[in-house]
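Numbering (mature numbering (1 follows the signal peptide of the UniProt record, and there is no 0)), first residue to last: -24 to -1, 1 to 138.
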């Protein structure tokens, strides 16, 4: 969309394009949160580990740990909104595909209030979990997709199948 301004010049309203882009905080800073895996989880043992019902409950870090880390990382990330209630301390590589449970390199304060929020990422996490456990996506591919750009992965694995 353009606006005609004085002198016949046109100004592109870049803010109108923002609806198609991710906001700050939608993706973690790769220098702070590059992602980390639990190296004991391999393609060969997923049926005995991550694909077992209830697995994530056995490895999920306690709330006192993630709440403390969230407050620290909100400062580290320098988000203008420092209200912890607006964020979920989330695993970049989810536990259900063998993300490292307590490694701060795999945890970041993910927004609950933007288009690309924690709830939307949860949908992708479940989709990839099912694909990995059904043998349709290799574990390493799913992990790499999450660590690289979970929004792109969402568009690839969730939106293309909707």
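Where a beta carbon is used, it is the ideal one built from N, C-alpha and C, also for glycine. These numbers were taken from a predicted model, which means no experiment stands behind them.
*Distance between beta carbons of residue 61 and residue 85, contact taken as under 8 Å*: With 8 Å as the limit, residue 85 and residue 61 do not qualify as a contact, their Cβ atoms being about 11 Å apart.
_From the DSSP secondary-structure annotation, give me the bridge partner or partners of residue 84._
66
_Per the DSSP calculation, residue 13 is bridged to which residue(s)?_
75
*Can you name, in chain order, every residue of its own chain whose Cβ lies under 6 Å from the Cβ of residue 37, other than the five neighbours on each side?*
77, 78
*Give the range of the alpha helix (DSSP H) segment to which residue 32 is assigned.*
31 to 35
*From residue 112 to residue 19, what does the alpha carbon distance come to, in whole angstroms?*
12 Å
*asked:* Going by C-alpha to C-alpha distance, which of 27, 42, 29, 81 sits closest to residue 12?
replied: 81
*So residue 119 is in the alpha helix (DSSP H); what residue range does that whole segment cover?*
115 to 133
*asked:* Considering just the uninterrupted stretch of the alpha helix (DSSP H) at residue 98, what are its terminal residues?
replied: 94 to 109
*Nearest-angstrom Cα distance between residue 132 and residue 102?*
14 Å
_Excluding the 5 residues flanking residue 164 on each side, which residues of the same chain have their C-beta closer than 7 Å to its C-beta?_
Outside the displayed range of the chain (-24 to 138) lies residue 164, so it cannot be described from this structure.
_Exposure of residue 43, with buried meaning 16 or more beta-carbon neighbours within 10 Å_ = exposed
_Where residue 7 falls, given that 16 or more other Cβ within 10 Å makes a residue buried_ = exposed
*With DSSP run on the structure shown, which of helix, strand or coil describes residue 45?*
helix
_CB of residue 2 within 8 Å of CB of residue 127, strictly_ = yes
*Spatial neighbours of residue 105 within its chain, please: CB distance less than 7 Å, with the 5 preceding and 5 following residues excluded, ordered by chain position.*
72, 73
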